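Below is one structure; the comments refer to it alone.
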Amino acid sequence: MTFQELQPKVSAIIADTNIVRDEKLLAICQLLNENIEYYNWVGFYFANHENKTLHLGPYVGAETDHTVIPFGKGICGQVAESNANFVVPDVAAQDNYIACSFTVKSEIVVPLFVNGQNIGQIDIDSHVIDPFTEADERFLEFVNQEVAKLY
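Just so you know, the sequence shown maps onto residues 0 to 150 in numbering that gives the first Met the number 0.
Following this line, the structure appears as structure tokens:
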């Protein structure tokens with residue numbers, strides 16, 4: 000399924016009044032994981048600005064020990080501070096990377112903004128080296144704009 004075909008499906012999940020927010024987030028994770036071949040782990044992290052930590056939200060994929068990540072640590076922690084997308088084509092070549100699994104080869108993290116504040120992020124791991132393009136970034140920005148409507 001193309002990103003263009005997935006966009007209305009994401010919007011429909013967000014608009015569904017029969018499911019609560021965390022179920023919507025999980026449904027989005029499932030939609031992306033099932034329809035984009037190289038999206039092998041899809042999840043959300045949410046910021047606690049008081050403690051300067053990220054906390055794992057709904058996700059689909061291999062279990063992770065990284066349920067709390069300090070700001071600045073790893074790719075997710077860096078995005079919490081930079082407020083910018085971070086694409087890692089090859090995690091083996093990346094400094095300040097927190098390894099989740101030896102099967103993960105690349106990662107993309109896109110911040111989630113609500114009223115201009117970075118409240119979290121969507122994090123995608125892939126078992127493929129360098130699969131992410133600008134189209135992935137634009138699509139994940141769209142996903143986060145839709146998710147922001149829930150906050």
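Each residue gets a CB set at the ideal place from its N, CA and C atoms; glycine is no exception. Computed from a predicted structure; not experimentally measured.
Thinking just about the alpha-carbon of each residue, which of the options is nearest to the one in residue i?
| i | options | result |
| --- | --- | --- |
| Tyr150 | Phe101, Leu25, Gln116, Ser100 | Gln116 |
| Ala26 | Thr63, Asp94, Gly42 | Gly42 |
| Tyr44 | Leu30, Thr66, Lys51 | Thr66 |
| Ile74 | Val109, Tyr58, Arg20 | Val109 |
| Asp94 | Gly76, Ala83, Glu22, Thr102 | Gly76 |
| Lys51 | Ile118, Phe2, Phe138, Asp122 | Ile118 |
| Glu62 | Ser100, Ala92, Ile35, Leu53 | Ser100 |
| Val152 | Ala83, Glu140, Gly60 | With the chain covering only 0 through 150, there is no way to say anything about residue 152. |
| Asn114 | Asn34, Asp15, Lys148 | Lys148 |
Could you tell me the distance, in whole angstroms, from the CA atom of residue i to the CA atom of residue j?
| i | j | result |
| --- | --- | --- |
| Glu49 | Ile68 | 13 Å |
| Trp90 | Ser105 | The identity of residue 90 in the sequence shown is Val, whereas the question assumes Trp. Cα-Cα distance, rounded: 5 Å. |
| Asn17 | Gln144 | 20 Å |
| Tyr96 | Asp64 | 14 Å |
| Ile107 | Ile12 | 22 Å |
| Asp135 | Leu53 | 23 Å |
| Ser125 | Phe138 | 16 Å |
| Thr1 | Tyr58 | 21 Å |
| Phe112 | Ser81 | 12 Å |
| Glu22 | Ala92 | 35 Å |
| Gln120 | Glu140 | 10 Å |
| Ile8 | Ala83 | At residue 8 the sequence reads Lys, which differs from the Ile that was named. One C-alpha to the other measures close to 25 Å. |
Residue i: buried (16+ other C-beta within 10 angstroms of its C-beta) or exposed?
| i | result |
| --- | --- |
| Val87 | buried |
| Phe131 | buried |
| Ile128 | exposed |
| Gln3 | exposed |
| Asp122 | buried |
| Val19 | exposed |
Considering only the beta carbon of each residue, do residue i and residue j sit closer than 8 Å?
| i | j | result |
| --- | --- | --- |
| Asn47 | Tyr38 | no |
| Ala79 | Phe70 | yes |
| Val142 | Leu24 | no |
| Leu30 | Leu5 | yes |
Could you pull out every unbroken beta strand (DSSP E) segment of at least 3 residues lying fully inside the segment 37–116, listed in chain order?
40–47, 52–59, 67–69, 85–87, 105–113
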